[in-house]
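In the working numbering, the protein residues as written are 1195 to 1500. Down below is the structure, laid out as structure tokens.
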Amino acid sequence: MKKIIFLFFSMSILFASCDKEEDLGKSLIDTSTPELNDVDEWIRENYTYPYNVEVKYKWDNSELDNTKILTPTEIERVVPFLNKMKEIWIDPYANHGGEDFMKEFIPKQIVLVGSHNYEDNGGIVLGQAEGGRKITVFDLNYIDFDLSGMNEWEKRSAMEPILRVFKTMHHEFGHILHQTIAYPVEYKKLTTGYTSNWMNFNDYEARKMGFITAYSMLNPDEDFVEMLSEFLTRSNGDWNEIIDKIKVYDDSWNTDEAASEKARDQIRQKEKMIADYMLQIWKIDIYDLQAEIADVLAGLAPAEEE
């Protein structure tokens, strides 16, 4: 009986102790629903709901390299950029590959940064992709989509950062596609001369060796996505003009017709292999895709009426 009384007494003390809750102060964890501004609402309607994409434009150190000096995107630039990104990248792929295609392969997180991202060698990183699930875009504070009132030279100058950043989006998306289903191994044999010292060449020199840009000389994967991204950010006329103008000169500065034809043919072979890959694997005609994107880009900087 004493044991039962003692046990009951002990349990009473225990429960009495539990009833006295210690005041731990205000929780450091914010569980309240965040207030959405107009930019947040626009992102939800155009990115989150249709594609399940999170867009981060507010400053978050955890998403970036803390060894770099970076600055956030100016808020008034967020929606104009994201709207053009839909028109130049997302919508064309959705139109030609299907909504389900884009829903499956679009990166689920897009981080926007306003400033340049400089490398140790002085180069500028325009975009970074992480495992096909996240893309970080830099340089947004230097992009202006309002080209009204500009002369032709000013328009060309203003279009350069626009083309660079959207070329980066097509470049990184190309990586997602070929990492999902590889392009033909024969592509890697079309040109030799891949090198980690690609920065010692310019695009003009690279094209004489059968590469569309100097960076495409790094390895076959970069070659593939550089070809695709260069193709998709130019009109077909501009693309053909670049290739047709490739000329190789001998030591006496005479045109080496055979070498010139070889360089042009190598790039054309790559173009055909990429077109076949995109059509056979992803059911996308890159010539139709190029035409739609070119129309949007042309609308950004329409030619002045005479």
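Built from N, CA and C at the ideal position, the CB exists for glycine as well.
Rounded to the nearest whole angstrom, the C-alpha separation of I1282 and E1420 is 17 Å. F1299 has its alpha-carbon roughly 8 Å from the corresponding atom of L1371. A straight line joining the alpha-carbon of T1389 with that of D1234 spans about 44 Å.
V1307 is not a Cβ neighbour of F1275, given a cutoff of 9 Å.
Contact between D1397 and T1407 holds: CB atoms are separated by about 5 Å, below the 8 Å threshold.
Sequence-distant Cβ neighbours of I1480 in its own chain, meaning closer than 8 Å and more than five residues away, are L1422, F1425, L1426, I1468, A1469, M1472 and L1473.
Membership of L1494 in the alpha helix (DSSP H) is indicated by the continuous run I1480 to L1494. Considering only D1417, D1444 and I1461, the residue with the shortest C-alpha distance to D1438 is I1461. Unbroken alpha helix (DSSP H) stretches of 4 residues or longer found wholly inside the region 1380–1455: 1397–1401, 1414–1426 and 1430–1438, given in chain order. Under the Cβ criterion (8 Å, minimum of three pairs), the region 1356–1369 counts as touching the region 1279–1296.
L1483 has its alpha-carbon roughly 11 Å from the corresponding atom of K1477. For a cut-off of 8 Å, the C-beta gap from G1321 to P1301 is around 11 Å, too long to register as a contact. The three-state secondary structure of T1330, taken from DSSP, is strand.
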